[in-house]
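*Asks:* In numbering that gives the first Met the number 0, the protein residues as written are 0 to 408.
Take a look at this one; I'll ask things after.
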Amino acid sequence: MRIILGVSAGIAAYKAALLLRQLREAGHAVRVVPTESSYAFVGRATWEALSGEPATHEVFDAVPDVAHVRLGQGADLVIVAPATADVLAKAAAGRADDLLTTTLLTVRCPVLVAPAMHTEMWLHPATQANVATLRGRGVHVLEPATGRLTGADSGPGRLPEPHEIAAAALALVAGPARPAGDGSRTDLAGRRVVVSAGGTLEPIDPVRFLGNRSTGRQGIALAEAAAARGAAVTLVAANVQLEVPAGIEVVRVETAAELETEMIARAPEADVVVMAAAVADFRPARTAATKIKKTAGGAAPLIELVENPDILAGLGAGRRPGQVIVGFAAETGDERASVVEHGRAKARRKGADLMAINDVSAGRGFGAPDNAVVVVDQGGDVVAEATGSKREVADALLDAVGGLLAAAR
Ligand code: CTP
0 MRIILGVSAG IAAYKAALLL RQLREAGHAV RVVPTESSYA FVGRATWEAL
50 SGEPATHEVF DAVPDVAHVR LGQGADLVIV APATADVLAK AAAGRADDLL
100 TTTLLTVRCP VLVAPAMHTE MWLHPATQAN VATLRGRGVH VLEPATGRLT
150 GADSGPGRLP EPHEIAAAAL ALVAGPARPA GDGSRTDLAG RRVVVSAGGT
200 LEPIDPVRFL GNRSTGRQGI ALAEAAAARG AAVTLVAANV QLEVPAGIEV
250 VRVETAAELE TEMIARAPEA DVVVMAAAVA DFRPARTAAT KIKKTAGGAA
300 PLIELVENPD ILAGLGAGRR PGQVIVGFAA ETGDERASVV EHGRAKARRK
350 GADLMAINDV SAGRGFGAPD NAVVVVDQGG DVVAEATGSK REVADALLDA
400 VGGLLAAAR
């Protein structure tokens, strides 16, 4: 494959050198197109030595070749890493004042952009608007990783690790012979997906809580699969201890009330909302300000519970046209109805477009690596069945989501 690697001016440019090596070792031809100011971080000689190809920022270096047009036309994939706020702004505005920006206007292949900058610059409305513009055009903009930035700062803005950028970029180039649902599809490019995962904790006092055993594994698999298919993904993670892959925006919450606030804030922008979190149905009516103590010979305390809001039902009721709302239902069959019948009723009751029903009487425990679901639509028809790893289940569910999105166009 012919890959163009755009590099702009950031301290993380050194990671692009590692990315370049990995891409070359995987057998790809890579042409590096630096911006002029990026030479302050990594020089031209490094790019030329590692790629075995010339590296220039100049449009007028080899005029008879019309390099900016030829480069763009010959590319199978473009990666810009790191992408500064300035490069995002130029690309969003369609400016063309160097070889990288002119090339971005001529390419027709998938483009992956990995921004890296200080948190304030990343969160600035101007940058976020530019990112939204680019995503709207089908450019895959990775969420920056969260962590230590240059100096003492910490927050979202770090360049993801080179192998993570390579994996996300290569996943955008779908090989025609690959089976659907293996993470190689790009049917969610330009889409926004919000996934909740984990389990809520409802505090009783400063040290105790009511909770559940959900680990968030299925929600993370969904977030990862959606990102691999090109979506911009936000994971609203309730008490998730597992690692979340880079490129996924993570919002951490603890209680059902916090989860509801974050989901409602993000849902209006989302094309797809998935409620994979296990939400506590009840919470203590009051949280004691101090630790509840035993009293010698005293009675055990009674903890009064109140019902939590049904977040999925609220999202279903408040949805905008074309948006796809997905729920999960853990069910056991009983004398009144089968597992799937209970799930169907729940899909209708909560206004979910799709409900992934799993039979929890089958002994599949929380945190297990595999899962088995039957997916029904709002009318109760079975639209998918999947058994396998949580990633395979995620892809089968996203195939059904993709079908609904395509039908809504
Ligand atoms: N859910 C929610 N808010 C709640 C409870 C559940 O959004 N307060 C969502 C879950 O995230 C899941 C779906 O609703 O997507 C079904 O969850 P489940 O616990 O099976 O539903 P309940 O309404 O709690 O039904 P049941 O009476 O069977 O426990």
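Note that beta-carbon positions come from the ideal geometry of N, C-alpha and C, so glycine has one too.
Could you spell out where the alpha helix (DSSP H) holding N129 opens and where it closes?
*Replies:* Mapped onto the sequence shown, residue 129 falls at position 130. Unbroken alpha helix (DSSP H) run through N129: 124 to 135.
*Asks:* Using 9 Å as the threshold, is the C-beta distance between V374 and E330 below it?
*Replies:* Locating residue 374 in the sequence shown gives position 375, where the first residue counts as 1. Locating residue 330 in the sequence shown gives position 331, where the first residue counts as 1. For V374 and E330, no; Cβs fall outside 9 Å.
*Asks:* From what residue to what residue does the alpha helix (DSSP H) around T233 run?
*Replies:* To locate residue 233, count along the sequence shown from 1; it is residue 234. Taken as a continuous stretch (DSSP letters only), T233 belongs to no alpha helix (DSSP H), being part of the beta strand (DSSP E) at 231 to 237.
*Asks:* In angstroms, rounded to a whole number, what distance separates the CA positions of G229 and A367?
*Replies:* The residue you call residue 229 lines up with position 230 of the sequence shown. The residue you call residue 367 lines up with position 368 of the sequence shown. Looking at the two C-alpha atoms, the distance is approximately 27 Å.
*Asks:* Tell me where the alpha helix (DSSP H) around E52 begins and ends.
*Replies:* Counting from one through the sequence shown, the residue named residue 52 turns up at place 53. Premise fails: E52 is in no alpha helix (DSSP H) and is neither H nor E.
*Asks:* Classify D152 as buried or exposed, calling it buried when 16 or more other Cβ atoms lie within 10 Å of its own Cβ.
*Replies:* To locate residue 152, count along the sequence shown from 1; it is residue 153. An exposed status is given to D152, since fewer than 16 other beta-carbon atoms sit within 10 Å of its beta-carbon.
*Asks:* By the 10 Å Cβ neighbour count, where 16 or more other Cβ atoms means buried, how is T294 classified, buried or exposed?
*Replies:* Numbered from 1 along the sequence shown, position 295 holds the residue referred to as residue 294. That one is exposed.
*Asks:* Taking the alpha-carbon positions, what's the A385 to H139 distance?
*Replies:* Taking the first residue of the sequence shown as 1, we reach residue 385 at position 386. Taking the first residue of the sequence shown as 1, we reach residue 139 at position 140. About 28 Å.
*Asks:* Report all residues from its chain with a CB closer than 7 Å to the CB of R285; omit the five preceding and five following residues, and keep chain order.
*Replies:* In the sequence shown, counting from the first residue as 1, residue 285 sits at position 286. So no residue of the chain qualifies.
*Asks:* Can you tell me where the alpha helix (DSSP H) with G350 in it begins and where it stops?
*Replies:* Within the sequence shown, numbered from 1, the residue matching residue 350 stands at position 351. It is not in any alpha helix (DSSP H) - G350 carries neither H nor E in the DSSP assignment.
*Asks:* Rounded to the nearest angstrom, how far is the Cβ of E223 from that of P244, given a contact under 8 Å?
*Replies:* Residue mapping note: residue 223 aligns to position 224 of the sequence shown, counting from 1. Residue mapping note: residue 244 aligns to position 245 of the sequence shown, counting from 1. That pair is a contact at about 5 Å.
*Asks:* Taking P283 as the reference, give the member of N307, E268, G297, V79 with the closest Cα.
*Replies:* For the purposes of this step, residue 283 is taken as the residue at position 284 of the sequence shown. Selected option, being the one with the closest Cα: N307.
*Asks:* What residue does the beta strand (DSSP E) around D376 start on, and which one ends it?
*Replies:* Position 377 of the sequence shown, counting from 1, holds the residue named residue 376. 369 to 376 is the extent of the beta strand (DSSP E) around D376.
*Asks:* Does the Cβ of R335 have 16 or more other Cβ atoms within 10 Å, making it buried, or fewer, making it exposed?
*Replies:* For the purposes of this step, residue 335 is taken as the residue at position 336 of the sequence shown. The residue in question, R335, is exposed, as its Cβ has fewer than 16 Cβ neighbours within 10 Å.
*Asks:* Quick check on K345: buried or exposed, where buried means 16 or more other Cβ atoms within 10 Å of its Cβ?
*Replies:* By 1-based counting over the sequence shown, the position of residue 345 is 346. Label assigned to K345: buried.
*Asks:* When the Cα atoms are used, what is the spatial distance from I2 to D75?
*Replies:* The residue labelled residue 2 in the question sits at position 3 within the sequence shown. The residue labelled residue 75 in the question sits at position 76 within the sequence shown. Going from the Cα of I2 to the Cα of D75 covers about 6 Å.
*Asks:* Is V278 near ligand 1, judged by its Cβ being under 8 Å from some heavy atom?
*Replies:* Position 279 of the sequence shown, counted from the first residue, corresponds to residue 278. Yes, ligand 1 has a heavy atom inside 8 Å of this Cβ.
*Asks:* Taking A80 as part of the beta strand (DSSP E), name the residues at either end of that continuous run.
*Replies:* If you number the sequence shown from 1, residue 80 lands on position 81. Note, A80: beta strand (DSSP E), 76 to 82.
*Asks:* Quick one: does the C-beta of N307 sit closer than 8 Å to a heavy atom of ligand 1?
*Replies:* Position 308 of the sequence shown holds residue 307. Yes, Cβ of N307 sits closer than 8 Å to a heavy atom of ligand 1.
*Asks:* Taking the straight line between their C-alpha atoms, what separation do you get for L4 and T55?
*Replies:* In the sequence shown, the residue the question calls residue 4 occupies position 5. In the sequence shown, the residue the question calls residue 55 occupies position 56. Cα-Cα distance, rounded: 12 Å.
*Asks:* Rounding to the nearest angstrom, what Cα-Cα distance links A406 and V400 in this structure?
*Replies:* Taking the sequence shown and counting its residues from 1, the one referred to as residue 406 is at position 407. Taking the sequence shown and counting its residues from 1, the one referred to as residue 400 is at position 401. Cα-Cα distance, rounded: 10 Å.
*Asks:* Would DSSP call I324 helix, strand or coil?
*Replies:* The residue you call residue 324 lines up with position 325 of the sequence shown. It is a strand residue.
*Asks:* In chain order, what residues of the same chain have a beta carbon less than 6 Å from the beta carbon of G271, not counting five sequence neighbours either side?
*Replies:* Residue mapping note: residue 271 aligns to position 272 of the sequence shown, counting from 1. The sequence shown places Val at residue 271, not Gly. Excluding the 5 residues flanking it on each side, V271 has same chain C-beta neighbours closer than 6 Å at V192, V323, V400, in chain order.
*Asks:* Tell me the rounded alpha-carbon separation between S50 and L19.
*Replies:* Translated into positions along the sequence shown, residue 50 becomes position 51. Translated into positions along the sequence shown, residue 19 becomes position 20. Going by the C-alpha atoms only, they are around 7 Å apart.
*Asks:* Do the CB positions of T355 and V392 come within less than 9 Å of each other?
*Replies:* Looking up residue 355 in the sequence shown gives position 356. Looking up residue 392 in the sequence shown gives position 393. At residue 355 the sequence reads Ala, which differs from the Thr that was named. Going by C-beta atoms, A355 is nearer than 9 Å to V392.
*Asks:* For P81 versus V194, is the C-beta spacing smaller than 9 Å?
*Replies:* Within the sequence shown, numbered from 1, the residue matching residue 81 stands at position 82. Within the sequence shown, numbered from 1, the residue matching residue 194 stands at position 195. No, the Cβ-Cβ distance between P81 and V194 is not below 9 Å.
*Asks:* Taking the alpha helix (DSSP H) that E223 belongs to, which residues open and close that run?
*Replies:* Within the sequence shown, numbered from 1, the residue matching residue 223 stands at position 224. Residues 216 to 227.
*Asks:* Using a threshold of 8 Å, is the CB atom of A329 nearer than that to any non-hydrogen atom of ligand 1?
*Replies:* Numbered from its first residue, the sequence shown carries residue 329 at position 330. Yes, ligand 1 has a heavy atom inside 8 Å of this Cβ.
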